[in-house]
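>
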Amino acid sequence: MRRRGPAVADNLVYHVAEFGVEARRVETGERVWRFGGRTEGQPEIDLVSTPVVASDSVYVPGWIQRDTMYGHLFVLDAQAGTEQTRVELGRNQEMGRSTPAVTSDLVFAATDAGDLYAFGECGTSILDSCLID
1 MRRRGPAVAD
11 NLVYHVAEFG
21 VEARRVETGE
31 RVWRFGGRTE
41 GQPEIDLVST
51 PVVASDSVYV
61 PGWIQRDTMY
71 GHLFVLDAQA
81 GTEQTRVELG
91 RNQEMGRSTP
101 AVTSDLVFAA
111 TDAGDLYAFG
121 ECGTSILDSC
131 LID
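Mapping of the sequence shown onto my numbering: position 38 corresponds to residue 38, and the numbering continues sequentially without gaps.
1) Going along the chain, which residues of its own chain have a beta-carbon closer than 7 angstroms to the beta-carbon of Ala54, five neighbours each way excluded?
2) Could you check what DSSP says for Met1 in three-state terms: helix, strand or coil?
3) Would you decide whether Ala78 is buried or exposed? Buried here means 16 or more other CB atoms lie within 10 Å of its CB.
4) For the beta strand (DSSP E) containing Val26, name the first residue and the last one.
5) When the Cα atoms are used, what is the spatial distance from Ala109 to Thr82?
6) Have a look at Ala17, Val87 and Glu22 and flag the residue whose alpha-carbon is nearest the alpha-carbon of Trp63.
7) Using CA coordinates, which residue listed in Val58, Asp105 and Leu89 is at the minimum distance from Trp33?
8) Could you give the distance in angstroms between the alpha-carbon of Gln65 and the alpha-carbon of Ala113?
9) So for Arg86, helix, strand or coil by DSSP?
10) Buried or exposed for Val107, going by 16 or more other Cβ atoms inside 10 Å?
11) Glu94: which of Ser104, Asp105, Gln84 and Leu73 sits nearest, CA to CA?
12) Between which two residues does the beta strand (DSSP E) carrying Pro61 extend?
13) With which residues is Gly81 paired in a DSSP beta bridge?
14) Since I believe Val52 is in contact with Leu100 (beta carbons under 8 angstroms), could you give me their beta-carbon distance rounded to a whole number of angstroms?
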């Protein structure tokens, strides 16, 4: 059984519904935006775990149906719901039962296979590889 819950920040509540994530106003319940799920003419993005809100971003794990066999961590703008970026994990690295953890410097994501990933901003890179100080 998959467990998921809402996240609340800046008068918005974020929750997973019908394989997408929605932001709704706390006071009225009015939907502000929706990302993922089934959209006509677009690849189906399935989001099934608790979203995490930190700073101006929403972090939510999922995958793209019929696109790859890779899990993804989607990063959305908290106010607009637009995709800021996505991180592709390894083959068959689904995060369906995982909730990301966010610190001031890193985002941690655990996969169903037991692997743990840490993502952060990269100040210096060579050949698309991040150099750690």
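From the three backbone atoms N, C-alpha and C, an ideal C-beta is built for every residue, glycine too. None of the values given here were measured: they were computed from a predicted structure.
Let me spell this out:
1) So the qualifying residues of the chain are Val102.
2) Model confidence at Met1 stands at a pLDDT of 41, short of 50, so the residue's coordinates are unreliable and nothing is read from them.
3) With 16 or more other Cβ atoms within 10 Å, it is buried.
4) In the DSSP assignment, Val26 falls outside any beta strand (DSSP E) and carries neither an H nor an E.
5) About 21 angstroms.
6) That would be Val87, whose Cα lies nearest to the Cα of Trp63.
7) That would be Val58, whose Cα lies nearest to the Cα of Trp33.
8) Approximately 19 angstroms between the Cα atoms of the pair.
9) Strand.
10) When all chains shown are included, Val107 counts as buried.
11) For the set Ser104, Asp105, Gln84 and Leu73, the Cα lying nearest the Cα of Glu94 is the one of Leu73.
12) Segment Ser57 to Ile64, the beta strand (DSSP E) holding Pro61.
13) DSSP output for Gly81 lists no bridge partner at all.
14) According to the sequence displayed, residue 100 carries Pro and not Leu. Going by Cβ atoms, the distance from Pro100 to Val52 rounds to 5 angstroms, so yes, they are a contact pair.
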